[in-house]
Every structure is written in structure tokens, then in C-alpha cells.
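To start, the structure itself, in C-alpha cells.
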Ligand code: 5GP
Ligand code: ZN
């Protein structure tokens, strides 16, 4: 838990979120500013700053987060989706608690 981290506050329940899934390791909630019809974030309960801070001890957690993406995307009615992990300020990361974006629905997503 990092006291000034917004996602730690969501994990702790002190900031509300539209939760889609939760277990001992992970919480999943809708992005507050969705970029597609469906846009949710897969967030570990453990505070880890970014993908660049991950080490081998986080391997199973990262795998769990990725495997949740297709399961929850299907539950949200998505036939296809995009995953994104912004890493570091130059990579577009704004919240420094690692998370996987999952989004899709509506128009076919543009080629990146
Ligand atoms: P990043 O740019 O770090 O990859 O993405 C952070 C994401 O978190 C953004 O898409 C932003 O809309 C979302 N976000 C920031 N603050 C909150 C919040 O308080 N609640 C929710 N649900 N999403 C948030
Ligand atoms: Zn945090």
C-alpha cells in the first residue's frame, strides 16, 4: 500500500469504483474515462509502480492479470479487445501502480 496512490485507495475501498471482479490478488474496475464502449483496468492489489519495476517474483501475478483479460472481456460482451500496459511517463503512464487496460466494443479499433 502506497498512501498517495489512487489505485491503492481503490483497492482499500476508500475511493469508489465500478468493480467487475475481485480476488485475493487482483481487482478489476471500469476506467473513469473510457476510450471505448468497454474499458476496464486489471490492477494487482500489491503496489508495484510499473512493468519496469516487475521482477521474477511478480511473474505469476502478471500471468494471472493477462489471463483475466479474455475471460472478463468475454463477460463484458467483447468479441475482440485490445490490452495495453503504459510504462513510465514517456510510455503514457499516469497512475504509477501497474495496470492492464482492456478495451474494445463498437468500432473496429484502429491499427497502431
Ligand atoms: P495510465 O495512463 O496510467 O496507463 O492509465 C491510468 C488510467 O486510470 C486512465 O485511463 C484513467 O482514466 C484511469 N483513472 C485515473 N484515476 C482513476 C480513478 O480514480 N478511478 C478510475 N476508475 N479510473 C481512474
Ligand atoms: Zn498503489
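Numbering (our numbering), first residue to last: 15 to 126.
Just so it is clear, CB atoms sit at the ideal spot from N, CA and C, and this is done for glycine as well.
As the structure is a prediction and not an experimental result, all values here were calculated from the model.
Worksheet item: Can you tell me where the beta strand (DSSP E) with residue 33 in it begins and where it stops?
Response: Counting from one through the chain shown, the residue named residue 33 turns up at place 19. Start and end: 33-36.
Practice prompt. Go ahead and label residue 112 buried or exposed: buried means 16 or more other beta carbons lie within 10 angstroms of its beta carbon, across all protein chains shown.
Written response: Residue numbering aside, residue 112 sits at position 98 when the chain shown is read from its first letter. It counts as buried.
Worksheet item: For residue 58, which residues does DSSP report across the bridge?
Response: What you label residue 58 is simply residue 44 of the chain shown in a count that begins at 1. Residue 58 pairs with 40.
Worksheet entry | Residues with C-beta closer than 5 Å to any heavy atom of the ligand ZN, in chain order | Taking each Cβ in turn, the ones that pass are 16, 19, 21, 22, 61 and 111.
Discussion item. Measuring straight from C-alpha to C-alpha, what distance separates residue 97 and residue 84?
Written reply: Within the chain shown, residue 97 is the residue found at index 83, counting from 1. Within the chain shown, residue 84 is the residue found at index 70, counting from 1. About 10 Å.
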